[in-house]
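In terms of our numbering, the sequence shown opens at residue -19 and continues consecutively. The structure under discussion appears below in the form of structure tokens.
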Amino acid sequence: LKRLNGCGLIERHVAILNLSLIGPTVTALVICTFDPDGPIVKEEFTGLLHDRREVTNVWVLTGEVDIGLTIMTRTVEECAK
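Below, the structure written as structure tokens:
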């Protein structure tokens, strides 16, 4: 691993958590559509998500839906925050 890191072949390391040790979780798929003339546009919205740890994935989509989010929390109530 040291040689692979040293020559730049390995870009980064990741950790895969054992969710059964964390406890129960809720995974939610949230679909967002924006009014182009509304108070916030999708670029601003995605910027607001940067520091939200519960958001695990963000997709910018085509068609009628603008953005899809995957959110992981411990309870359904935390998803609504």
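Note that the Cβ used here is the ideal one computed from N, Cα and C, for glycine as well.
*asked:* What residue range does the alpha helix (DSSP H) around residue -14 cover?
replied: -18 to -14
Going by DSSP, name the residue or residues bridged to residue 36. In the DSSP assignment, no residue is bridged to residue 36.
Cα separation between residue 29 and residue 40? One Cα belongs to residue 29, the other to residue 40, and the distance between them is close to 13 Å.
- Task: Please report how far the alpha carbon of residue -9 lies from the alpha carbon of residue -18, in whole angstroms.
- Result: 12 Å
- CA nearest to the CA of residue 33, picked from 24, 17, 51: 51
Note to self: Just to confirm my understanding: we take residue 46, look at its own chain, exclude 5 residues before and 5 after, and list those with CB closer than 8 Å. What are they?
What the structure shows: 12, 13, 14, 22, 40
Q: Tell whether a beta-carbon distance below 8 Å holds between residue 49 and residue 56.
A: no
Local conformation of residue 10 per DSSP, three classes:
Three-state DSSP puts residue 10 in a strand.
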